[in-house]
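J.:
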Amino acid sequence: MTGDASMFTLEHRDDVAVIVLDMPGGSTNTLRTEFTDELEGLLDEVEDDRDVTGVVIASGKPDSFIEGADIAMFSEVETADDGAALARVGQRVFERIEASSTPIVVAIHGACMGGGLELALACHGRIASDHPATRLGLPEVRLGLIPGSGGTQRLPRLVGLERALELILTGKDISASRARRMGLVDQVVHQAVLVDVASERARTLAAVDRTRGARHRDLVGRVRGTVMEDNPAGRAVLFRQAEANVHVRTHGNLPGPLRAIDVVRTGIEQGPRAGYAAEAQAFGELIVTPQARNLIRVFDMRQALRREARAAQERAVDVRKVAVVGAGLMGAGIAAVTAGRAELPVRLKDLDRDALRRGLRSVRDYLDQRVTRRRISAHDRDRLLSLVRPDTEYRGFGRVGLVIEAVVEDLAIKHRVCKEVAAVTGPDTVLASNTSSIPIDSIAEGHPDPARIVGMHYFSPVPRVPLLEVVEGPRTADWVTATAVDVGRRQGMTVVVVGDGPGLYTSRILGPYINEAAYLLTDGATVDAIDDALETLGFPVGPFRLVDEVGIDVAAKIARVLADGLGSRLTPAPGIEAIVRDGRKGRKNGRGFYHYDTDNGQTTRGDVDPSIYQLVTRSARPAPDADEMVDRALLAMVNEAVWTLGDGVLRTTRDGDAAAVFGLGFPPHLGGPLRYVDDRGPAAVVDRLRMLAADHGERFTPAPLLVEVAERGGRLTSDRTQS
Numbered sequence: 014m015t016g017d018a019s020m021f022t023l024e025h026r027d028d029v030a031v032i033v034l035d036m037p038g039g040s041t042n043t044l045r046t047e048f049t050d051e052l053e054g055l056l057d058e059v060e061d062d063r064d065v066t067g068v069v070i071a072s073g074k075p076d077s078f079i080e081g082a083d084i085a086m087f088s089e090v091e092t093a094d095d096g097a098a099l100a101r102v103g104q105r106v107f108e109r110i111e112a113s114s115t116p117i118v119v120a121i122h123g124a125c126m127g128g129g130l131e132l133a134l135a136c137h138g139r140i141a142s143d144h145p146a147t148r149l150g151l152p153e154v155r156l157g158l159i160p161g162s163g164g165t166q167r168l169p170r171l172v173g174l175e176r177a178l179e180l181i182l183t184g185k186d187i188s189a190s191r192a193r194r195m196g197l198v199d200q201v202v203h204q205a206v207l208v209d210v211a212s213e214r215a216r217t218l219a220a221v222d223r224t225r226g227a228r229h230r231d232l233v234g235r236v237r238g239t240v241m242e243d244n245p246a247g248r249a250v251l252f253r254q255a256e257a258n259v260h261v262r263t264h265g266n267l268p269g270p271l272r273a274i275d276v277v278r279t280g281i282e283q284g285p286r287a288g289y290a291a292e293a294q295a296f297g298e299l300i301v302t303p304q305a306r307n308l309i310r311v312f313d314m315r316q317a318l319r320r321e322a323r324a325a326q327e328r329a330v331d332v333r334k335v336a337v338v339g340a341g342l343m344g345a346g347i348a349a350v351t352a353g354r355a356e357l358p359v360r361l362k363d364l365d366r367d368a369l370r371r372g373l374r375s376v377r378d379y380l381d382q383r384v385t386r387r388r389i390s391a392h393d394r395d396r397l398l399s400l401v402r403p404d405t406e407y408r409g410f411g412r413v414g415l416v417i418e419a420v421v422e423d424l425a426i427k428h429r430v431c432k433e434v435a436a437v438t439g440p441d442t443v444l445a446s447n448t449s450s451i452p453i454d455s456i457a458e459g460h461p462d463p464a465r466i467v468g469m470h471y472f473s474p475v476p477r478v479p480l481l482e483v484v485e486g487p488r489t490a491d492w493v494t495a496t497a498v499d500v501g502r503r504q505g506m507t508v509v510v511v512g513d514g515p516g517l518y519t520s521r522i523l524g525p526y527i528n529e530a531a532y533l534l535t536d537g538a539t540v541d542a543i544d545d546a547l548e549t550l551g552f553p554v555g556p557f558r559l560v561d562e563v564g565i566d567v568a569a570k571i572a573r574v575l576a577d578g579l580g581s582r583l584t585p586a587p588g589i590e591a592i593v594r595d596g597r598k599g600r601k602n603g604r605g606f607y608h609y610d611t612d613n614g615q616t617t618r619g620d621v622d623p624s625i626y627q628l629v630t631r632s633a634r635p636a637p638d639a640d641e642m643v644d645r646a647l648l649a650m651v652n653e654a655v656w657t658l659g660d661g662v663l664r665t666t667r668d669g670d671a672a673a674v675f676g677l678g679f680p681p682h683l684g685g686p687l688r689y690v691d692d693r694g695p696a697a698v699v700d701r702l703r704m705l706a707a708d709h710g711e712r713f714t715p716a717p718l719l720v721e722v723a724e725r726g727g728r729l730t731s732d733r734t735q736s
């Protein structure tokens, strides 16, 4: 056995030594540099033991192998040389594993990501469980980095160049079965026999001549490649295709994927030694870039919010059943994640039987997708679908702990639902509103106990957007907020708690962004030029494509709520009402800023509808260029985020940045709207806003808090963050 603070224990199963990773005090395993000496010491010990013929590395965690490196190490890196040195530590210990005279096999159950997969690649055999929790991947590009412990060199040799580039450049994780098909793992077995099979694999490898075994491994790697990969011209084509795909996906905003291609190319063309050196150097240079710093911070924000959500469980009521009122797109999505992820029974209520049928079909479609992706079995799908009970009445509501209303954005209708729900539920039932703009305190006026009213604002489509904005009204009880947070956690959401007010937080900062896009349209810019400019910056969709998805009528209603609640600074752009009066609602009625075609029940977006320009009075002066379009739309959102911080809607800058990134698609490499202010400089942002205000009016008036921070030479994220 090892010391008290050990991450490893050593067990013996006859002639096989089993090294078990079990990081103290955590639910998952992560790698840190201080554990390398301990691991190498254990390897020395088993290699010196003549009774040991093979080694198995396994995890002591119930559903996790190794999640990757401890991200806290990355935040400690100050220079590129420090980053390169960190990479070389990992490379050294994994080279030690690869060079072992005793065959080492890894037994993978649960997440095997980043450094965990790089460790597995260095082993002589890989056995994985067939459990849905077992996923393998190299997600470093999502942090602005590349694999730094040999992954860029070993993966292409094992699975071929094309498959390796796909995994490295996208950061996607794959199932154990797909990993087996591509040759990433040798065998997929039931979890109960995982270590036994891995042990037998180690014995088999020990019986094979080590030199012959190494040659066989290299041959398998080559065979799994394609004919194209086996010649310089073919490889050049693959590298060019990979570079082109990266440019399409990242718009040149992230240097990591292109560096990864260069490093992989170096290893193939100049050999592994040169490849490892290039990998360490690139890792070190990337880790100190602004993009990586921001992406690492975004990762840290999500982890911190998950810890807070787990802590909320102590104050929350244990909800055993949920009801959702409204079976439309949002209601069905909420029901899907409640049954499909939280595995809670759901009463789905709507006045319209056709809406209930469509809602159930949406839930079924979501569960079918999870089956297709091998996240659940067909049996699980049927079991989870049976948890959703549709009804046109309030039957069964007396036994639910949480009711989520997802009816139309109309205060009178929400008040009616509040009264109806209060009449059929118990004294401890929480009522949550999925409102996107109406203050929670206004909704609470329709309920006899305002303390039990809270906002749970989901984003569309609910199963794909990972954010839940929990809105705490001035009369909301603490246990009610905690209950909403806990249910959101169980639904698999990243949960941010914000204060009450018109537009809440996300809709409030999204409103000025979309409004400025409308002003750009009246200034002569085209719809697709505006969308393309913001997508090039890193938003998943541009403002007009987004409005068409959300609904032009919904966006216009939110704009009116913001203007009524916050004043003339947020007056809607001219022309929007004319577009609404024209009956355009976007994708849902096939008429928006873009053309839509419906075929076999699927609605697809086409080109811009040129008739939209006839509804808007447009300036005759030259249209703004892409840089001005980006600056105006982005700063409209950024400035409003600072307004909300000053108004007390946000608890911390971390919450504001996380909600914008995870809910609105704010470019994660920019870190969030409040971090963007610090990176650009508060004084520089104030100066630019004042220039825009002089040209375009009061909507660009700098937030008072922003002016205050700029005048004292401070920073937003250092002054008011807990991240």
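When the count follows our numbering, it moves up by one through the sequence shown with no breaks and lands on 736 for the last residue.
The beta-carbon is built from N, C-alpha and C at its ideal position, and this holds for glycine as well.
1) Could you compute how far the alpha carbon of residue 284 sits from the alpha carbon of residue 504?
2) Once DSSP output is grouped into helix, strand and coil, what is the label at residue 126?
3) Exposed or buried, residue 169, counting other C-beta atoms within 10 Å across all chains shown (16 or more means buried)?
4) Quick one: what does DSSP say residue 362 is sitting in, helix, strand or coil?
5) Measuring only the C-alpha atoms, how far is residue 268 from residue 561?
6) For the segment 297–315 against the segment 107–120, are there 3 or more C-beta pairs whose distance is under 8 Å?
7) So, with DSSP's three-state summary, where would you put residue 478?
8) What do you reckon, is the C-beta of residue 567 under 7 Å from a heavy atom of the ligand NAD?
9) Could you check whether the segment 32–48 touches the segment 120–139, counting it as contact only if at least three pairs of C-beta atoms, one from each stretch, sit closer than 8 Å?
10) Tell me whether the beta-carbon of residue 138 lies closer than 8 Å to the beta-carbon of residue 154.
11) DSSP on residue 119, reduced to helix/strand/coil?
12) What is the C-beta distance between residue 342 and residue 255, in whole angstroms, given that I count them as a contact (C-beta under 8 Å)?
13) Which runs of the alpha helix (DSSP H) at least 4 residues long sit entirely within the segment 261–293? Give them in chain order.
14) Could you tell me the distance, in whole angstroms, from the CA atom of residue 417 to the CA atom of residue 288?
15) Within 10 angstroms of the Cβ of residue 245, are there 16 or more other Cβ atoms? Answer buried if so, exposed if not.
16) What residue range does the alpha helix (DSSP H) around residue 105 cover?
17) Under the rule that 16 or more other beta-carbon atoms within 10 Å means buried, what is residue 469, buried or exposed?
18) Cα separation between residue 619 and residue 602?
19) Tell me the rounded alpha-carbon separation between residue 317 and residue 687.
20) Output the distance between the C-alpha atoms of residue 24 and residue 464, rounded to the nearest integer angstrom.
21) What is the rounded straight-line gap between the Cα of residue 11 and the Cα of residue 420?
22) Residue range of the alpha helix (DSSP H) that residue 513 falls in?
23) Which parts of the segment 459–504 are runs of the beta strand (DSSP E), unbroken and 3 residues or longer, counting only runs that do not cross its ends?
24) Run through DSSP, which three-state label would residue 606 get?
25) For the segment 519–532 and the segment 567–585, state whether three or more C-beta atom pairs, one from each stretch, are separated by less than 8 Å.
26) So does the segment 476–490 actually touch the segment 449–467, counting three or more Cβ pairs closer than 8 Å?
27) Check residue 403 in the structure and name its three-state DSSP category.
28) Identify, in the order they occur along the chain, each residue of the same chain with its Cβ nearer than 6 Å to the Cβ of residue 332, setting aside the five sequence neighbours on each side.
29) Decide if the segment 670–678 is in contact with the segment 704–718; the criterion is three or more beta carbon pairs, one per stretch, under 8 Å apart.
30) Could you tell me which uninterrupted alpha helix (DSSP H) segments, each at least 4 residues in length, are contained entirely in the segment 381–447, listed from first to last along the chain?
31) Would you tell me roughly how many angstroms separate the C-alpha atoms of residue 400 and residue 412, rounded to the nearest one?
32) I need the DSSP call for residue 231, collapsed to helix, strand or coil.
33) Check this for me: beta carbons of residue 654 and residue 669, under 8 Å apart or not?
34) Counting Cβ pairs closer than 8 Å, one from the segment 308–322 and one from the segment 174–192, do we hit at least three?
35) Looking at the unbroken beta strand (DSSP E) that takes in residue 22, where does it start and where does it end?
36) Quickly, what does DSSP pair residue 507 with across the bridge? List them, please.
T.: Quick look at the numbers:
1) On the sequence shown, residue 284 is found 271 positions in, with the first residue counted as 1. On the sequence shown, residue 504 is found 491 positions in, with the first residue counted as 1. The alpha-carbon atoms of residue 284 and residue 504 are separated by roughly 47 Å.
2) In the sequence shown, residue 126 corresponds to position 113, counting from 1. Three-state DSSP puts residue 126 in a strand.
3) Translated into the one-based positions of the sequence shown, residue 169 becomes position 156. With 16 or more Cβ atoms within 10 Å of its Cβ, residue 169 is classed as buried.
4) For the purposes of this step, residue 362 is identified with residue 349 of the sequence shown, where counting begins at 1. Residue 362 falls in the strand class under three-state DSSP.
5) Locating residue 268 in the sequence shown gives position 255, counting from the first residue. Locating residue 561 in the sequence shown gives position 548, counting from the first residue. When rounded, the distance between both Cα atoms is 32 Å.
6) At 8 Å Cβ cutoff, the stretches do not touch.
7) Counted from its first residue, the sequence shown places residue 478 at position 465. Coil at residue 478, not helix or strand.
8) Of the ligands one can find in the structure shown there are none, so the ligand NAD has no counterpart to examine.
9) In short, these stretches touch, since the Cβ pair count reaches three.
10) Counted from its first residue, the sequence shown places residue 138 at position 125. Counted from its first residue, the sequence shown places residue 154 at position 141. 8 Å or more divides the Cβ of residue 138 from the Cβ of residue 154.
11) Locating residue 119 in the sequence shown gives position 106, where the first residue counts as 1. Three-state DSSP puts residue 119 in a strand.
12) By 1-based counting over the sequence shown, the position of residue 342 is 329. By 1-based counting over the sequence shown, the position of residue 255 is 242. At roughly 36 Å, the Cβ-Cβ gap does not stay under 8 Å, so residue 342 and residue 255 are not in contact.
13) The qualifying runs are 269–283.
14) As a first step, residue 417 must be located in the sequence shown, where it is residue number 404. As a first step, residue 288 must be located in the sequence shown, where it is residue number 275. Taking the straight line from one Cα to the other gives about 54 Å.
15) The residue you call residue 245 lines up with position 232 of the sequence shown. Exposed, by the Cβ-count rule.
16) Residue mapping note: residue 105 aligns to position 92 of the sequence shown, counting from 1. Start and end: 93–111.
17) Mapped onto the sequence shown, residue 469 falls at position 456. With 16 or more neighbouring CB atoms inside 10 Å of its own CB, residue 469 falls in the buried class.
18) Residue 619 sits at position 606 when you count from the first residue of the sequence shown. Residue 602 sits at position 589 when you count from the first residue of the sequence shown. Straight-line spacing of the CA atoms in residue 619 and residue 602 works out to 14 Å.
19) Here residue 317 corresponds to residue number 304 of the sequence shown, with the count starting at 1. Here residue 687 corresponds to residue number 674 of the sequence shown, with the count starting at 1. Going by the C-alpha atoms only, they are around 17 Å apart.
20) On the sequence shown, residue 24 is found 11 positions in, with the first residue counted as 1. On the sequence shown, residue 464 is found 451 positions in, with the first residue counted as 1. Whole-angstrom Cα-Cα distance: 55 Å.
21) In this structure the chain extends from 14 to 736, so residue 11 is not present and cannot be described.
22) Along the sequence shown, one-based indexing puts residue 513 at 500. For residue 513, there is no enclosing alpha helix (DSSP H), as DSSP gives it neither H nor E.
23) Within the segment 459–504, the complete beta strand (DSSP E) runs of at least 3 residues are 466–471 and 480–485.
24) The residue given as residue 606 occupies position 593 in the sequence shown. Note: residue 606 maps to coil in three-state DSSP.
25) With a cut-off of 8 Å, the segment 567–585 and the segment 519–532 count as touching, because enough Cβ pairs lie within range.
26) By the C-beta criterion, the segment 476–490 is judged to be in contact with the segment 449–467, since at least 3 inter-stretch pairs fall below 8 Å.
27) Position 390 of the sequence shown holds residue 403. It is a strand residue.
28) Numbered from 1 along the sequence shown, position 319 holds the residue referred to as residue 332. Correct list, in chain order: 414, 415 and 500.
29) Short answer: they don't touch.
30) The segment 381–447 contains these whole alpha helix (DSSP H) runs: 391–398 and 424–437.
31) Start at 1 with the first residue of the sequence shown, and residue 400 comes out as number 387. Start at 1 with the first residue of the sequence shown, and residue 412 comes out as number 399. A direct Cα-to-Cα measurement between residue 400 and residue 412 gives close to 14 Å.
32) As a working mapping, residue 231 is identified with position 218 in the sequence shown. Residue placement at residue 231 is flagged as unreliable, the pLDDT there being 41, under the threshold of 50; the coordinate-derived value follows with that caveat. When secondary structure is reduced to three states using DSSP, residue 231 falls in the helix class.
33) The residue labelled residue 654 in the question sits at position 641 within the sequence shown. The residue labelled residue 669 in the question sits at position 656 within the sequence shown. Between residue 654 and residue 669, the C-beta gap is smaller than 8 Å, which places the two residues in contact.
34) Result no; under three Cβ-Cβ pairs closer than 8 Å.
35) If you number the sequence shown from 1, residue 22 lands on position 9. Where residue 22 is concerned, the enclosing beta strand (DSSP E) starts and stops at 21–26.
36) Against the sequence shown, residue 507 aligns to sequence position 494. Bridge partners of residue 507: 480.
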